[in-house]
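Working notes, structure below.
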Amino acid sequence: MKNRISKDKADENNWRNSHGGSGTKKMKKNKMRLGGKGGLSLEVFANAKTKSDHYNPALIKKQREFYKNAKYVSKYKKLRKNQTQPTDASSAIRPVEDGNESGKAGEMSQEHRKYSKHSERSLKVLYEKKCEEDEKARIEREAIAQAKKEARERSWSQRKAQREKMFKKTKSGQPVMKYRIEHLLETIQGSNA
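In case it helps, the working numbering puts the sequence shown at residues 4 to 196.
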């Protein structure tokens, strides 16, 4: 009897090997996919929904807003700090400059004023030229737009008049052929010319 059982197992193994490998590998893969030997444990199953690792757009938005506000606050603090420090540093530097050759400092400021006046004039002239050029360009654009608009209105009124002529009918409801023949004649003459 022991021989018979071992023969049956051997036959079964031969059949499995000849038909695509063993089924135990698939079973092992499925078990591992499901989370181990016996699926999920009771503890893991109970705590599965209590974890907050999932995607929460509202929470993400709050965090983003918090960090954005923190960034603005830090920038504001740095700005305030920089505004208070240079005034102290500039007052500390000024007496040293005043102590060193006050005559040269006066000459430097006069030259600076002289150059700044010339630069102000040249900047004013440049600004006026640019304004004039912009004004000319604007006037040209408006003129072109106005000409296009007038041409569009003329062509529309001509089309409307021609359409009225083409749709005219006699008392009995037949179309008036006079205008249609004139239109055909005009198109033929236009193509020949």
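Cβ coordinates follow ideal geometry from the N, Cα and C atoms, glycine included.
Predicted model, so just to flag it, every value in this text is computed and none were measured.
- Counting along the chain, Q177 sits inside no alpha helix (DSSP H), nor does DSSP assign it H or E at all.
- For F48, the enclosing alpha helix (DSSP H) covers residues L45 to N50.
- In this structure, the beta-carbon distance from Y182 to K163 does not fall below 7 Å.
- Rounded to the nearest angstrom, the gap between the Cα atoms of Q177 and F170 is 10 Å.
- In the same chain as H186, and ignoring 5 residues on each side of it, no C-beta atom comes closer than 6 Å to its own.
- Apart from sequence neighbours up to five positions away, no residue of its chain approaches E123 with a beta-carbon distance below 6 Å.
- Take P60, set aside five residues on each side of it, and no residue of its chain has a beta-carbon closer than 6 Å to its own.
- Secondary structure within the region 123–189: not one fully enclosed alpha helix (DSSP H) run of 4 or more consecutive residues is present.
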